[in-house]
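Participant: Here the sequence shown is numbered in the working numbering, starting from 9 and rising by one per residue.
I have a structure I would like to understand better, so I am pasting it below and will then ask my questions one at a time.
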Amino acid sequence: AAGAMATVDSRPRADATRASKDGDVVGPPPPPGGVSRVFAYWVVSAGSLGVSYSNGILLVEFLNEFGQGRAQTAAVGAAATGLMLFGGIFVGPLVAFLDTHTNQRGSLVSCALGAVLAGLGLFVSAEADALWQLFLSYSLLVGLGHTLALYAGIIVVNQWFNKRQALASALGNTGAGVGPFLLAPLWATMRVQLGGWRGILRVLAGCDVVLLLAAAFGLTPPPPQSAAQPSVDAELDKREDAAVGGSDHPKSSTWAMLKNRELMRITLAALMYGMGSWTPFVFLVDVGLDQGLSRGSADVLVLCLAAGSIGLRVPINALADKFGRRKVWVLASLGYALVNFILPFIWTSNPVVLYPYAVLAGGFVGGLNSMIVTLAPPVCPPEQMGQAVGISCATLGLGTFLGPVITGAIFDKLGSYSGGWWFSAACLFPGCLVLWFPIQWFGAKPAHGEKSPSEPAAVAKPAAKV
Numbered sequence: 009a010a011g012a013m014a015t016v017d018s019r020p021r022a023d024a025t026r027a028s029k030d031g032d033v034v035g036p037p038p039p040p041g042g043v044s045r046v047f048a049y050w051v052v053s054a055g056s057l058g059v060s061y062s063n064g065i066l067l068v069e070f071l072n073e074f075g076q077g078r079a080q081t082a083a084v085g086a087a088a089t090g091l092m093l094f095g096g097i098f099v100g101p102l103v104a105f106l107d108t109h110t111n112q113r114g115s116l117v118s119c120a121l122g123a124v125l126a127g128l129g130l131f132v133s134a135e136a137d138a139l140w141q142l143f144l145s146y147s148l149l150v151g152l153g154h155t156l157a158l159y160a161g162i163i164v165v166n167q168w169f170n171k172r173q174a175l176a177s178a179l180g181n182t183g184a185g186v187g188p189f190l191l192a193p194l195w196a197t198m199r200v201q202l203g204g205w206r207g208i209l210r211v212l213a214g215c216d217v218v219l220l221l222a223a224a225f226g227l228t229p230p231p232p233q234s235a236a237q238p239s240v241d242a243e244l245d246k247r248e249d250a251a252v253g254g255s256d257h258p259k260s261s262t263w264a265m266l267k268n269r270e271l272m273r274i275t276l277a278a279l280m281y282g283m284g285s286w287t288p289f290v291f292l293v294d295v296g297l298d299q300g301l302s303r304g305s306a307d308v309l310v311l312c313l314a315a316g317s318i319g320l321r322v323p324i325n326a327l328a329d330k331f332g333r334r335k336v337w338v339l340a341s342l343g344y345a346l347v348n349f350i351l352p353f354i355w356t357s358n359p360v361v362l363y364p365y366a367v368l369a370g371g372f373v374g375g376l377n378s379m380i381v382t383l384a385p386p387v388c389p390p391e392q393m394g395q396a397v398g399i400s401c402a403t404l405g406l407g408t409f410l411g412p413v414i415t416g417a418i419f420d421k422l423g424s425y426s427g428g429w430w431f432s433a434a435c436l437f438p439g440c441l442v443l444w445f446p447i448q449w450f451g452a453k454p455a456h457g458e459k460s461p462s463e464p465a466a467v468a469k470p471a472a473k474v
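Dropping the structure here:
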């Protein structure tokens with residue numbers, strides 16, 4: 009979910025110097041130390057996203073244990089994931105506040121606090137006697153802990169990188185595959201040796217605390233920027249003026265952000281994408297069981313999701329950095345919509361198709377989640393970037409919660425997952441269209457790589473010396 013996020017306060021980023029022809033901010037290589045921050049973010053992804061990517065296995069356990077409907081049971085994991093993504097709207101300001109009181113160590117403190125909350129939530133969830141208790145322990149505590157840790161890592165990576173922001177984020181995000189790679193093949197064995205899913209959650213709680221606490225100490229900001237930054241801020245201010253249609257607005261006000269129509273359509277696209285994207289991560293194991301696969305064979309689908317997420321997210325984001333993030337996002341999201349629409353016509357006669365589908369779905373979601381929130385920073389000046397990405401992440405999280413719940417309700421009503429997958433495609437497709445149409449259709453001036461038929465393209469200024 010998470011993908012790249014811009015800085016959340018007024019501190020300049022390590023490598024921002026100029027605007028590219030596609031509207032992304034680019035610059036020279038970051039100062040030494042960026043690679044170690046990407047690795048710290050990789051560990052954070054393993055401890056947060058890795059758990060969310062394994063929700064499909066837990067769904068089956070919760071269905072068998074508590075005997076509730078798909079919609080209500082799926083809401084437990086979906087709420088935890090949704091809160092993890094939604095939390096970007098408040099974690100950014102929190103880290104900025106902590107920075108002022110901890111000598112620029114806000115991300116470290118946020119991640120450490122998240123480690124404690126997530127570990128506590130997983131441990132308490134193992135003692136749940138009713139499904140409603142999991143909404144407090146798993147959905148709330150685990151979701152809150154993971155959002156504090158995840159966005160702390162995202163913030164630091166984006167303070168160190170900009171020219172290759174999507175690629176750096178994608179590399180760090182590959183840690184999300186660690187959880188499924190370990191849990192899927194070992195789940196049956198651990199269920200016997202550890203006393204069922206409750207014992208597994210207790211062990212997972214300890215591992216989560218260790219991973220996130222270790223990663224926290226690598227989440228430190230880059231060295232202070234030189235005095236060359238004002239020219240960059242001026243260029244970004246001009247681009248924001250073009251997006252909102254004028255320059256007579258307070259730069260950091262909520263009103264200015266609501267007037268930024270380009271930001272609003274990115275936010276709408278994130279909501280629609282969130283509602284359609286997370287369905288296979290919650291239900292694909294149960295789909296496999298519904299289509300006649302054994303429990304062990306169905307669990308392997310989670311492994312395939314992880315393999316796709318790791319193997320395809322880096323190439324997708326490398327293409328995004330090369331050809332334009334928004335263009336690649338639209339095309340990849342459209343491909344994902346088509347795959348989800350076609351799948352239900354095939355899986356009944358040939359359930360083996362679920363395995364290659366899982367690889368594709370994992371790759372699409374991994375790449376698109378890494379990329380979606382890199383779309384917001386270029387449309388805002390530095391002082392609004394954190395708020396802008398927080399808003400887009402919040403709507404992504406809301407969609408990630410609503411989508412699986414609606415899919416589960418469709419199954420409870422119809423007794424089939426086909427309608428849920430078509431609902432997923434129906435959400436993804438309009439999300440593509442929102443970003444496909446030119447900004448002029450939304451009443452704003454062209455900006456950030458979009459050309460007006462009557463105006464020449466803007467020429468990027470030469471890079472400032474930093």
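The beta-carbon is built from N, C-alpha and C at its ideal position, and this holds for glycine as well.
It should be emphasised that the depicted structure is a prediction, and the values quoted were computed from it without experimental measurement.
#1: Run the CB neighbour count on Thr197, radius 10 Å, all protein chains shown included, and call it buried at 16 or more, exposed below.
#2: Using only CA atoms, which one of Ile418, Asp137, Cys388, Ile274 lies nearest to Val442?
#3: Please go through the same chain and pick out, in chain order, the residues whose beta-carbon is closer than 6 Å to the beta-carbon of Gly185, but skip the five residues on each side of it.
#4: With a threshold of 7 Å, establish whether the CB of Leu67 neighbours any heavy atom of the ligand GDP.
#5: At the level of alpha carbons, what is the spacing between Phe372 and Leu342?
#6: Give me, in chain order, the residues of the same chain whose beta-carbon lies closer than 8 Å to that of Val347; leave out the 5 immediate sequence neighbours on both sides.
#7: Taking the alpha-carbon positions, what's the Phe437 to Val46 distance?
#8: Does the Cβ-Cβ distance between Leu130 and Leu212 come in under 8 Å?
#9: State buried or exposed for Leu220, treating a residue as buried only when at least 16 other CB atoms are found within 10 Å of its CB.
#10: Which residues in the same chain have their Cβ closer than 6 Å to the Cβ of Val164, if we skip the five residues on either side of it in sequence?
#11: I need the straight-line Cα distance from Cys440 to Ala277, nearest angstrom please.
#12: Which one of Phe70, Val51, Ala83 has the shortest CA to CA distance from Gly405?
#13: What's the call for His109, buried or exposed, on a 16-neighbour Cβ count within 10 Å?
#14: Closest by CA to Ile162, which one among Ser53, Tyr146, Val59, Phe74?
#15: Would you mind reading off the limits of the alpha helix (DSSP H) that contains Arg321?
#16: Enumerate in chain order the residues of its own chain whose CB-to-CB distance from Tyr49 is below 6 Å, with the five nearest sequence positions on each side excluded.
#17: Considering only the alpha carbon of each residue, which of Ala134, Val217, Trp355, Arg321 lies closest to Gly203?
#18: Taking only three categories from DSSP, how would you classify Gln299?
#19: Is there a Cβ from chain D that is less than 8 Å from the Cβ of Asp294?
#20: Considering only residues of the same chain and omitting the five flanking positions on each side of Trp444, which have a CB-CB separation below 6 Å?
#21: Can you check the segment 31-95 for any alpha helix (DSSP H) of at least 4 residues that lies completely inside it and give the ranges in chain order?
#22: In the DSSP assignment, the alpha helix (DSSP H) including Asp137 goes from what residue to what residue?
#23: Among Phe70, Ser432, Val59, which residue has its Cα nearest to the Cα of Gly282?
#24: Given a cut-off of 8 Å on the beta-carbon distance, is the pair Thr89 and Leu67 in contact?
#25: Output the distance between the C-alpha atoms of Leu292 and Phe189, rounded to the nearest integer angstrom.
#26: How many Å lie between Val217 and Val124 at the Cα?
#27: Return helix, strand or coil for Ala222, following the three-state DSSP convention.
#28: Excluding the 5 residues flanking Val132 on each side, which residues of the same chain have their C-beta closer than 6 Å to its C-beta?
#29: Between which two residues does the alpha helix (DSSP H) containing Thr197 stretch?
#30: Just curious, the alpha helix (DSSP H) that Asn377 is in, first and last residue?
#31: Got a sec, what are the start and stop residues for the alpha helix (DSSP H) Leu149 sits in?
#32: For Trp205 and Pro386, what's the separation of their Cα atoms in angstroms?
#33: Taking the alpha carbon of Tyr61 as the point to measure from, which residue in Thr403, Asp137, Ala192 has its own alpha carbon closest?
#34: Can you tell me whether Ile354 is buried or exposed? The criterion is at least 16 other CB atoms within 10 Å of its CB, across all chains shown.
#35: Which value, in whole angstroms, describes the spacing of the CA atoms of Ala345 and Val310?
#36: Based on Cα-Cα distance, which residue from Phe70, Ala306, Gly214, Thr356 lies nearest to Leu194?
Facilitator: Per the coordinate set shown:
#1: Taking the first residue of the sequence shown as position 1, residue 197 is located at position 189. When all chains shown are included, Thr197 counts as exposed.
#2: Within the sequence shown, residue 442 is the residue found at index 434, counting from 1. Comparing alpha-carbon positions, the option among Ile418, Asp137, Cys388, Ile274 lying closest to Val442 turns out to be Ile274.
#3: Here residue 185 refers to the residue found at position 177 of the sequence shown. Excluding sequence positions up to five before and after Gly185, its CB lies within less than 6 Å of the CB of Ala314, Ser317, Ile318, all in the same chain and listed in chain order.
#4: Among the ligands in the structure shown, none appear at all, so the ligand GDP cannot be discussed.
#5: In the sequence shown, counting from the first residue as 1, residue 372 sits at position 364. In the sequence shown, counting from the first residue as 1, residue 342 sits at position 334. Their backbone Cα atoms lie some 10 Å apart in a straight line.
#6: Mapped onto the sequence shown, residue 347 falls at position 339. Residues of the same chain with a CB within less than 8 Å of the CB of Val347, apart from the 5 flanking positions on each side, are Tyr365, Leu368, Ala369, Phe372 in chain order.
#7: Reading the sequence shown from its first residue, position 429 is the one you call residue 437. Reading the sequence shown from its first residue, position 38 is the one you call residue 46. For Phe437 and Val46, the distance between alpha carbons rounds to 32 Å.
#8: Here the question's residue 130 lines up with position 122 in the sequence shown. Here the question's residue 212 lines up with position 204 in the sequence shown. In this structure, the beta-carbon distance from Leu130 to Leu212 falls below 8 Å.
#9: Your numbering for residue 220 matches position 212 in the sequence shown. By the neighbour-count rule (16 or more Cβ atoms within 10 Å), Leu220 is buried.
#10: Numbered from 1 along the sequence shown, position 156 holds the residue referred to as residue 164. Closer than 6 Å at the Cβ level, and outside the excluded window around Val164, lie Arg45, Ser115, Leu227.
#11: The count along the sequence shown starts at 1 and reaches residue 440 at position 432. The count along the sequence shown starts at 1 and reaches residue 277 at position 269. Taking the straight line joining both Cα atoms gives about 7 Å.
#12: Stepping through the sequence shown from its first residue, residue 405 is reached at position 397. With distances taken between Cα atoms, Gly405 lies closest to Ala83.
#13: Counted from its first residue, the sequence shown places residue 109 at position 101. Per the 10 Å Cβ criterion, exposed.
#14: The residue you call residue 162 lines up with position 154 of the sequence shown. Closest by alpha carbon: Ser53.
#15: Here residue 321 refers to the residue found at position 313 when the sequence shown is read from its first residue. Start and end: 303-331.
#16: Within the sequence shown, residue 49 is the residue found at index 41, counting from 1. So the list reads Gly161, Val165, Gly180, once near-sequence residues are dropped.
#17: The sequence position of residue 203 within the sequence shown is 195, counting from 1. That would be Ala134, whose Cα lies nearest to the Cα of Gly203.
#18: Indexing the sequence shown from 1 puts residue 299 at position 291. In this structure, Gln299 counts as coil in the three-state DSSP scheme.
#19: Among the protein chains of the structure shown there is no chain D, as only one such chain exists.
#20: Position 436 of the sequence shown holds residue 444. In chain order, Val338 place their CB closer than 6 Å to the CB of Trp444, counting only its own chain and leaving out the 5 sequence neighbours on each side.
#21: Runs found: 42-55, 57-60, 63-74, 78-94.
#22: By one-based count along the sequence shown, residue 137 stands at place 129. Looking at the DSSP string, Asp137 is not in any alpha helix (DSSP H), and its letter there is neither H nor E.
#23: Numbered from its first residue, the sequence shown carries residue 282 at position 274. Comparing Cα-Cα distances from Gly282 to each of Phe70, Ser432, Val59, the minimum goes to Ser432.
#24: Position 81 of the sequence shown, counted from the start, is the residue given in the question as residue 89. Position 59 of the sequence shown, counted from the start, is the residue given in the question as residue 67. No, the pair does not count as a contact, with Cβ atoms beyond the cut-off.
#25: Sequence index remark: in the sequence shown, residue 292 carries index 284 (1-based). Sequence index remark: in the sequence shown, residue 189 carries index 181 (1-based). Going by the C-alpha atoms only, they are around 16 Å apart.
#26: Taking the sequence shown and counting its residues from 1, the one referred to as residue 217 is at position 209. Taking the sequence shown and counting its residues from 1, the one referred to as residue 124 is at position 116. Near 6 Å, if we compare the C-alpha coordinates of Val124 and Val217.
#27: Taking the sequence shown and counting its residues from 1, one reaches residue 222 at position 214. Helix at Ala222.
#28: Position 124 of the sequence shown, counting from 1, holds the residue named residue 132. Excluding residues within five positions, the ones whose Cβ falls inside 6 Å are Ser145.
#29: Taking the sequence shown and counting its residues from 1, one reaches residue 197 at position 189. DSSP places Thr197 in the uninterrupted alpha helix (DSSP H) bounded by 186-201.
#30: Within the sequence shown, numbered from 1, the residue matching residue 377 stands at position 369. First-last of the alpha helix (DSSP H) with Asn377: 362-380.
#31: In the sequence shown, residue 149 corresponds to position 141, counting from 1. From DSSP, Leu149 is part of no alpha helix (DSSP H); its letter is neither H nor E.
#32: Taking the sequence shown and counting its residues from 1, the one referred to as residue 205 is at position 197. Taking the sequence shown and counting its residues from 1, the one referred to as residue 386 is at position 378. Looking at the two C-alpha atoms, the distance is approximately 44 Å.
#33: As a position in the sequence shown, residue 61 is number 53, starting the count at 1. Closest option to Tyr61, Cα to Cα, is Ala192.
#34: Translated into positions along the sequence shown, residue 354 becomes position 346. When all chains shown are included, Ile354 counts as exposed.
#35: Taking the first residue of the sequence shown as position 1, residue 345 is located at position 337. Taking the first residue of the sequence shown as position 1, residue 310 is located at position 302. Ala345 and Val310: Cα-Cα distance of roughly 20 Å.
#36: Taking the first residue of the sequence shown as 1, we reach residue 194 at position 186. Distance check between Leu194 and each of Phe70, Ala306, Gly214, Thr356 places Ala306 closest, using alpha-carbon atoms only.
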